[in-house]
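Taking the working numbering, the leading residue of the sequence shown gets 1, the next gets one more, and so forth.
One structure is given here, and the rest of the page talks about it.
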Amino acid sequence: MPDGATCWSDSMCKSNLCKGNLNGVERGTCTATLPAGAACTQNEQCYNKSCSRVQAGSDSLQCCPNGSMLYWGYNYCKAMPDGATCWSDSMCKSNLCKGNLNGVERGTCTATLPAGAACTQNEQCYNKSCSRVQAGSDSLQCCPNGSMLYWGYNYCK
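And the structure:
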């Protein structure tokens with residue numbers, strides 16, 4: 001049904017929002033939803049029912065393009081871009097929240113390195129695997145297929 005039509009449930013509406021229907025107990029009105037990035041105050045306002053904080057330390061809410069996640073009692077948008085303030089790796093599109101001290105401090109979503117790139121720590125790599133490429137080498141790089149431990153040293157598989 002188009003916006004403005006009387007409805008009983010969200011599924012009856014083209015916008016997937018039947019505002020004021022009290023979960024099907026009363027008639028509501030088909031209402032347009034907000035797009036990703038639009039300011040919002042409630043999940044039901046958003047096209048994907050995901051209205052959350054855009055980054056850690058912010059009370060600003062918007063419709064999340066990639067859904068949301070719960071962290072310490074607050075909803076945050078998932079797949080935050082590089083540079084966004086975060087609490088955990090899972091909040092970031094890159095899966096790296098650098099400097100967050102395991103969720104105790106706010107960190108920054110940071111791009112990870114691709115396979116073959118020089119690295120110094122596991123967290124820098126897209127798959128969390130920074131190791132020696134060959135025996136006798138101290139040179140480290142992001143391993144394409146993970147790593148293995150041999151005689152106290154990690155080597156790419």
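Virtual Cβ for every residue (Gly too), placed ideally from N, Cα, C.
- Item | Beta-carbon contacts of glutamate 105 that lie in its chain and below 7 Å, excluding the five residues immediately before and after | As a position in the sequence shown, residue 105 is number 105, starting the count at 1. Answer for glutamate 105: Gly99, listed in chain order.
- Message: By the three-class DSSP mapping on this structure, what secondary structure does glutamine 62 have?
- Response: Against the sequence shown, residue 62 aligns to sequence position 62. Residue state, collapsed to three classes: strand.
- Do you know how far the Cα of serine 52 is from the Cα of lysine 19? Reading the sequence shown from its first residue, position 19 is the one you call residue 19. Reading the sequence shown from its first residue, position 52 is the one you call residue 52. The C-alpha of lysine 19 lies about 19 Å from the C-alpha of serine 52.
- Query: Given 8 Å as the limit, is there contact between the region 50-67 and the region 77-85, that is, 3 or more CB pairs closer than that?
  - Reply: With a cut-off of 8 Å on Cβ pairs, the region 50-67 is in contact with the region 77-85, counting three or more such pairs.
- Could you tell me the distance, in whole angstroms, from the CA atom of cysteine 143 to the CA atom of tyrosine 155? As a position in the sequence shown, residue 143 is number 143, starting the count at 1. As a position in the sequence shown, residue 155 is number 155, starting the count at 1. About 8 Å.
- Message: Check this for me: beta carbons of methionine 1 and cysteine 30, under 8 Å apart or not?
- Response: Within the sequence shown, residue 1 is the residue found at index 1, counting from 1. Within the sequence shown, residue 30 is the residue found at index 30, counting from 1. Yes, these two residues count as a Cβ contact at 8 Å.
- Enumerate in chain order the residues of its own chain whose CB-to-CB distance from tyrosine 153 is below 7 Å, with the five nearest sequence positions on each side excluded. In the sequence shown, counting from the first residue as 1, residue 153 sits at position 153. Excluding positions up to five away in sequence, the list reads Arg132.
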